[in-house]
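Residue numbers (our numbering), protein chains in the order written: chain U, 361 to 789; chain S, 361 to 789. Where a beta carbon is used, it is the ideal one built from N, C-alpha and C, also for glycine. Quick caveat: nothing in here was measured; it's all calculated off a predicted structure. Working notes, beginning with the structure itself.
Protein chains: 2
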Amino acid sequence: MRPGDRLNELTAGDIVRITSSGDATAEAVVRTCLDRIDEREQAVNAWTHLDADHAIAQARVIDAGGTRGALHGVPVAVKDIIATADMPTGYGSPIYAGHRPAWDAACVAAIRAAGGIILGKTVTTEFASSHPGKTAHPQDPARTPGGSSSGSAAAVADYMSPLAIGTQTGGSVIRPASFCGIVGYKPSFGWVNRHGVKPLSESLDTVGAMGRTVADAARLVSVLAGRPALLDLPGAARPRIALWRSDTLGKAEDDMLACLEDAASRFSTHGAYVADVTPPAIFSDLDAAHHEIEFYEMGKSLAFELIAHPGQISAALRSRLEAGQACPPELYDEKHRIAAEGRFALRPVFADFDVILTPGALGEAPLGHGSTGNALFNRVWTLLYGPAVTVCAGRGRHGMPLGLQFIGLLNDDRRVLAVAQWAETVLTR
Amino acid sequence: MRPGDRLNELTAGDIVRITSSGDATAEAVVRTCLDRIDEREQAVNAWTHLDADHAIAQARVIDAGGTRGALHGVPVAVKDIIATADMPTGYGSPIYAGHRPAWDAACVAAIRAAGGIILGKTVTTEFASSHPGKTAHPQDPARTPGGSSSGSAAAVADYMSPLAIGTQTGGSVIRPASFCGIVGYKPSFGWVNRHGVKPLSESLDTVGAMGRTVADAARLVSVLAGRPALLDLPGAARPRIALWRSDTLGKAEDDMLACLEDAASRFSTHGAYVADVTPPAIFSDLDAAHHEIEFYEMGKSLAFELIAHPGQISAALRSRLEAGQACPPELYDEKHRIAAEGRFALRPVFADFDVILTPGALGEAPLGHGSTGNALFNRVWTLLYGPAVTVCAGRGRHGMPLGLQFIGLLNDDRRVLAVAQWAETVLTR
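This is the structure we're talking about:
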């Protein structure tokens with residue numbers, strides 16, 4: 361805790377320390393977050409549900425009990441695609457406005473069991489697909505914060521909440537985190553139980569974390585996934601970093617490319633081994649594979665809504681669902697085969713490298729609110745199931761954040777987080 | 361349709377034919393099913409929810425419209441682990457007695473879109489785990505019908521419904537089908553969207569079908585999975601059948617082993633190539649891998665219920681959840697690695713064979729209602745993700761059905777169904 365910090369600006373790690381030691385109450389932490397929201401929500405529109413009294417009541421329960429785990433007294437914002445038994449859950453759709461689930465999602469239950477406080481529900485795009493919600497970028501209201509975890513990213517970036525849960529099917533954690541200048545962490549596929557998360561695509565949906573430091577995002581996933589080893593990240597003295605020279609890299613904006621090259625050079629200066637790597641040939645087919653798998657599965661997951669509530673589905677979503685329902689199952693099977701081949705082809709890369717380095721997004725958060733941006737640099741990695749962590753590496757030509765992304769092999773999250781934490785130190789030096 | 365058949369005794373294929381041609385109404389079909397239920401439910405206890413008026417109303421809507429797909433006018437029983445917007449969904453737990461979901465599960469939506477009628481909800485064990493529900497075996501009320509899809513299997517076997525949906529995490533479709541003398545079909549993992557199915561184990565839960573013929577079970581999955589190719593199964597003139605000589609085969613009861621050997625011999629006589637195959641070494645580790653993966657994931661999926669409603673969880677389930685929550689994540693990761701190795705090791709077998717043949721269960725449906733039987737011959741195949749189809753192959757020493765199981769490679773369902781249909785013909789000759 362630096363002198364002058366307000367409680368809402370602390371890291372989750374610091375909050376746990378001071379609420380556990382008695383230097384501050386969870387209630388005081390929650391109140392400063394609520395004050396910040398009060399001050400800023402009109403501009404940012406990060407929240408779909410916020411009940412100050414209920415948040416304070418949760419904090420008082422924590423304050424009345426003992427230390428209860430790795431999120432003791434820490435407020436967490438929850439993307440509104442995720443079920444909460446004590447708060448409405450609308451999935452970003454008018455169909456479910458005011459809907460109250462019968463249960464907490466597994467990830468919400470895990471947060472509560474670790475002493476965390478569910479501060480409220482944050483804006484998601486419609487069913488975590490593409491149709492945007494109301495949230496603006498905290499640093500420039502004319503820009504998108506990214507999505508689909510729009511409110512979660514904005515709330516963390518704007519010091520409304522130290523932590524937030526998001527979900528990623530394409531690039532819905534990493535991209536908004538990159539746009540908002542915070543840390544986004546999509547863990548290995550399968551690490552965080554998805555019960556209570558409204559499914560978009562069973563083969564791709566992944567629950568992830570947002571925080572303002574790598575250690576904080578790792579702390580949240582340590583609880584979500586029940587993996588305490590993430591609370592204690594090892595050092596990464598001389599990380600081996602593969603600079604991923606994909607054929608899509610040229611689609612990144614100039615300032616993002618400059619940021620990438622500059623960061624690579626700084627990583628080298630600070631002792632990393634950084635080398636260019638050309639992706640295996642199968643990589644050219646993976647983005648199309650992601651596309652078909654996502655749409656095919658959406659067409660099934662949201663079939664009920666399309667039949668029962670056709671008038672309350674956006675035109676953008678309807679066209680995706682219809683495209684997915686028209687995809688032949690044999691093509692879907694073939695795309696899964698390609699994805700499996702991609703996962704296999706990735707393994708040898710990690711014999712020589714600890715992580716792959718790519719942009720977290722095409723560039724700065726774009727102007728306008730008609731789209732939450734392009735997930736080109738994220739989709740393939742979601743499909744390949746390994747961990748991805750984005751760290752803010754600089755600013756673009758309009759002063760907006762640029763995030764770089766570190767990627768690892770399935771279940772090798774701790775190594776990727778360690779390298780990302782090392783990079784975070786180098787980049788803020 | 362054979363002379364003297366009652367409408368409730370018809371196959372789904374016959375029902376579609378007569379309701380489409382106008383030879384009978386969907387309402388008449390539903391009414392005969394309801395009559396049968398009326399007559400038999402007190403002994404069988406297959407249903408948790410049945411509203412005759414609502415079932416008839418659905419049938420009238422079908423009768424008023426045109427032909428609407430592969431289940432036109434066909435009643436389908438739905439396991440009560442699966443969400444229905446118009447019927448209570450209790451998940452086999454007192455926690456959710458009377459719960460009404462906001463949506464139809466994706467599989468239910470698919471049935472309705474194909475002209476099917478959701479007849480009612482059938483008994484499941486508690487959360488589709490082990491604690492039994494109230495259902496008795498239709499042929500001997502002192503015996504279990506198997507589980508967890510207990511009511512679905514009993515309803516189909518007892519001519520209450522031509523088709524039913526079940527789910528399988530261990531052996532919850534194949535085992536009860538084998539016990540009840542019907543066809544159970546667990547499709548390839550990933551074929552049937554699971555939205556609205558209360559999750560037990562994300563890596564294992566699979567929606568499946570029960571019917572009285574292979575063609576009927578295939579018909580239901582053709583709709584659930586959106587794979588019309590299953591409506592037209594090819595012939596299987598000289599199927600290549602691997603008789604799976606696993607080290608667990610000796611655990612089958614004597615009458616089941618005799619049934620297996622006898623069927624193999626009849627298959628040979630009718631032109632099949634049948635040969636003994638010894639499983640690859642990795643197979644000895646797969647049952648334990650299934651166990652850890654299932655329990656670990658259950659511990660997360662049902663964390664909310666264990667925290668919020670501890671007094672309404674059975675002792676058996678509680679001990680499973682606690683065991684799962686105590687499983688180290690590194691062990692879970694290792695078990696997934698073993699499962700992947702098992703899937704890889706299975707591929708060469710199918711270079712030489714169309715299907716693997718094993719018992720569908722240890723033997724006849726056991727006496728008593730304290731357990732729904734042992735899933736030893738099912739768990740490994742659920743873990744390996746390929747299709748499994750059980751067909752009744754004879755009777756045991758107490759006159760109860762014995763089912764054999766045909767297994768294939770992931771996505772090779774049509775071939776396995778074709779062989780199972782061929783076997784069905786041979787076995788009923």
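Here S/Phe664 carries a helix assignment [DSSP, helix/strand/coil]. Sequence-ordered contacts of the stretch 447–478 of chain U with chain S read Tyr456, His459, Ala462, Trp463, Asp464, Ala466, Ala469, Ala470, Ala473 [C-beta pairs closer than 7 Å].
Residue range 715–719 is occupied by the beta strand (DSSP E) that includes U/Leu717.
In the DSSP assignment, no residue is bridged to S/Tyr456. Identification of residues in the stretch 552–571 of chain U having a C-beta nearer than 9 Å to some C-beta of chain S yields Val552, Asn553, Arg554, His555, Gly556, Lys558, Pro559, Glu562, Ser563, given in sequence order. In this chain, the alpha helix (DSSP H) harbouring U/Gly702 covers 689–706. In terms of Cβ geometry, S/Thr484 and S/Ser508 form a close pair [threshold 8 Å]. For U/Phe710, the enclosing alpha helix (DSSP H) starts and ends at 709–712. Cβ neighbours of U/Ser674 within its own chain (closer than 7 Å, five residues either side excluded): Glu486, His491. Residues of chain S with a Cβ closer than 7 Å to the Cβ of U/Ser661 are, in chain order, Ala466, Asn553, His555. In this structure the stretch 570–583 of chain S lies against the stretch 368–379 of chain S, because at least three pairs of beta carbons, one per stretch, are closer than 8 Å. DSSP assignment within the stretch 606–692 of chain U yields the following whole beta strand (DSSP E) runs of 3 residues or more, N-terminal first: 633–637. Around the CB of S/Asp714, 16 or more other CB atoms lie within 10 Å, so the residue is classed as buried. Sixteen is the threshold: since fewer than 16 other Cβ atoms of the shown chains lie within 10 Å of the Cβ of S/Lys494, the residue is exposed. Residue nearest to U/Ile767 within the set U/His758, U/Pro761, U/Val751, U/Arg755 is U/Val751 (criterion: CA-CA distance). Close CB contacts of S/Arg598 within its chain, under the 8 Å cut and outside five residues either way in sequence, are with Gly631, Ala632, Tyr633 (chain order).
The shortest CA-to-CA distance from S/Ala496 to any of S/Ile478, S/Arg600, S/Val516 is the one to S/Val516. Under the Cβ distance rule, S/Ala585 counts among the residues neighbouring chain U, one pair being separated by less than 8 Å. In this structure, the alpha-carbon of U/Arg535 lies about 20 Å from that of U/Glu652. If the five residues before and after U/Ser538 are omitted, its C-beta is found closer than 6 Å to the C-beta atoms of Gly720, Ala721, Thr750, Gly763, all from its own chain and listed in chain order.
Rounded to whole angstroms, the Cβ separation of U/Val637 and U/Leu603 is 7 Å, and the two are in contact under 8 Å. Contact between the stretch 411–421 of chain S and the stretch 385–392 of chain S is present, with at least three C-beta pairs closer than 8 Å. Beta-carbon to beta-carbon, S/Val567 and S/Val583 are separated by about 11 Å, too far to satisfy the 8 Å threshold.
Shown in chain order are the members of the stretch 664–686 of chain U whose Cβ falls below 9 Å from a Cβ of chain S: Phe664, Glu665, Leu666, Ile667, Ala668, Gln685. Legend: CB atoms of the stretch 687–706 of chain U lying less than 7 Å from CB atoms of chain S belong to residues Pro689, Asp693. Restricted to the stretch 467–532 of chain S, the alpha helix (DSSP H) segments that are unbroken, complete and at least 4 residues in length are 510–517, listed in chain order. The Cβ neighbour count for U/Gly556, taken over all protein chains shown within 10 Å, is at least 16; the residue is labelled buried. Under the Cβ criterion of 8 Å, S/Glu654 is not counted among the residues facing chain U. With a contact defined as Cβ atoms closer than 8 Å, U/Ser661 and U/Ser561 qualify at about 7 Å. For S/Gly429, no Cβ of chain U is located within less than 8 Å of the residue's own Cβ.
By the neighbour-count definition (other C-beta atoms within 10 Å, threshold 16), S/Phe655 is a buried residue. For S/Leu706, same chain residues with a beta-carbon under 8 Å away, outside a window of 5 residues either side, are Pro640, Leu744, Gly746, Leu769 in chain order. Taken atom to atom, the span from the alpha-carbon of U/Ile477 to that of U/Lys558 is near 21 Å. Residues of chain S with a Cβ closer than 8 Å to the Cβ of U/Asn405 do not exist, since the nearest Cβ in that chain sits about 25 Å away.
Residue pairing from DSSP places U/Cys752 in a beta bridge opposite U/Gly763. Unbroken alpha helix (DSSP H) runs of no fewer than 4 residues, entirely contained in the stretch 523–579 of chain S, are found at 534–540, following chain order.
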